[in-house]
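Residues 1150 to 1430 in the numbering used here are what the sequence shown lists, from first letter to last. Even glycine gets a Cβ: it sits at the ideal position worked out from N, Cα and C.
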Amino acid sequence: MTTAVAVKTQYEAIIGLEIHCQLSTKTKIFSSSSTEFGAEPNANIDPVCMGMPGVLPVLNEKVLEYAVKAGLALNCEIAAYSKFDRKQYFYPDLPKNFQISQYDLPIAEHGSLEIELVDDDGTATRKKIGITRLHMEEDAGKLVHGGSDRLSGSTYSLVDYNRAGIPLIEIVSEPDLRSGVEAAEYAQELRRIVRYLGVSDGNMQEGSLRCDVNISIRPVGEEKFGTKVEIKNMNSFSAIQRAIDYEIQRQTEAVEGGERIIQETRLWEEGSQRTISMRSK
């Protein structure tokens, strides 16, 4: 009698990126406050970005110009009609308790970006990554955590609203990426494009380019997506790659051990080289 041998399930990662790119305008998206980096905390604020009663936002024309320029470079369809929406959050770094963003009618949709991948023997191949949408929005303020050199051990937080109202474009990819290497190359290629266009300096250390990763795993050959986990707090391309590689391994080990993946937001902790849970969705 032949003994049955269990075949280990092979998993693949499904990865999409949301990249927030700060535009190189001199003033904020809806007001005349400066976008200067490194100013004293809460120096570059005004009634509009702080959401004072009775104020009205006025769109910075340069923001629209830069958004269209980026959309065209990413092979997107530019909308003839577009609008802004209020996205409600109740976080301390959002003074109005809503963010002015775009939801159902973004400025650009249905684009693509090609990346070049080199395998172990030096052979280069190109892969097309779909871009779902590109939209304009304002940034939130910045929380500064104190009491520890690690976020998980901080005992208090301070808020700097200089960043509130800074103009952003958010570029959302299709879930076409399959590894940390592909994701890092996609982000680098995107930065090369916005720098060439002059719409952003793409400086990750200063927060001009920020990347959120959405990642799930599924058995190879399946069509249905697994439960999505979002990863934040990566400030370099190598950190994007390492965070994704870690999360793929974490989710795979959890599923193989009979655990259920929960939909949550996790932070990449550079010091410990791991992702930690921030909040459930």
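For residue i, the nearest candidate out of the options (CA to CA)
i, options, result
"proline 1196", "Leu1266, Arg1341 and Ser1182", "Ser1182"
"lysine 1430", "Ser1421, Asn1384 and Lys1377", "Lys1377"
"isoleucine 1264", "Thr1401, Glu1334, Ala1188 and Ala1162", "Glu1334"
"valine 1207", "Ser1322, Glu1286 and Glu1402", "Glu1286"
"valine 1348", "Gln1354, Leu1172, Thr1158 and Pro1241", "Leu1172"
"glutamate 1258", "Leu1223, Lys1291 and Glu1408", "Leu1223"
"valine 1321", "Leu1262, Tyr1345 and Asp1269", "Leu1262"
"cysteine 1225", "Tyr1310, Gly1279, Ile1366 and Glu1355", "Gly1279"
"tyrosine 1238", "Val1369, Gln1354, Asp1288 and Arg1423", "Asp1288"
"valine 1293", "Arg1275, Pro1241, Ile1256 and Arg1282", "Pro1241"
"isoleucine 1318", "His1284, Asp1325 and Val1308", "His1284"
Same chain only: Cβ atoms within 7 angstroms of residue i, ignoring 5 sequence neighbours per side
i, result
"alanine 1336", "Leu1166, Ile1168, Cys1360, Phe1386 and Ile1389"
"threonine 1184", "Thr1174, Lys1175, Thr1176, Lys1177 and Ile1315"
"asparagine 1382", "Leu1416 and Trp1417"
"leucine 1221", "Ile1227"
"glycine 1200", "Pro1244 and Lys1245"
"serine 1426", "Glu1413 and Arg1415"
"arginine 1340", "Gly1351 and Leu1358"
"aspartate 1234", "Ser1250, Gln1251 and Tyr1252"
"lysine 1211", "Thr1174"
Cβ neighbour criterion (16 or more within 10 Å) applied to residue i
i, result
"threonine 1151", "Low per-residue confidence applies at threonine 1151: pLDDT is 49, beneath 50, and the placement is therefore not dependable enough to give any value."
"phenylalanine 1374", "exposed"
"serine 1306", "exposed"
"glutamate 1396", "buried"
"glycine 1435", "Since the first residue of the chain shown is 1150 and the last is 1430, residue 1435 is not available in this structure."
"valine 1154", "Residue placement at valine 1154 is poorly supported in this model, since its pLDDT is 48, which falls under 50; the coordinates are not used for a value here."
"glutamine 1400", "buried"
"valine 1343", "buried"
"arginine 1409", "exposed"
"isoleucine 1393", "buried"
"glutamine 1248", "buried"
Close-in-space but distant-in-sequence residues of the same chain around residue i (CB under 6 angstroms, 5 per side omitted)
i, result
"serine 1421", "none"
"threonine 1304", "Gly1296"
"arginine 1428", "Thr1414"
"glutamate 1189", "none"
First and last residue of the uninterrupted beta strand (DSSP E) at residue i
i, result
"lysine 1236", "1234-1237"
"isoleucine 1264", "1257-1267"
First through last residue of the alpha helix (DSSP H) which encompasses residue i
i, result
"serine 1387", "1386-1405"
"isoleucine 1318", "Careful: isoleucine 1318 lies outside any alpha helix (DSSP H), inside the beta strand (DSSP E) at 1316-1322."
"glutamine 1337", "1329-1346"
8 angstroms CB neighbourhood of residue i in its chain, flanking five on each side removed
i, result
"valine 1330", "Leu1266 and Gln1390"
"asparagine 1352", "Leu1358"
"asparagine 1209", "Thr1174, Thr1176, Lys1177, Ile1178, Phe1179 and Pro1316"
"tyrosine 1230", "Leu1254"
"aspartate 1269", "none"
"glutamine 1159", "Pro1368 and Val1369"
| query | At what residue ranges does the stretch 1352-1381 contain a whole run of the beta strand (DSSP E), taking only runs of 3 or more? | reply | Segments of the beta strand (DSSP E) lying fully in the stretch 1352-1381: 1358-1368.
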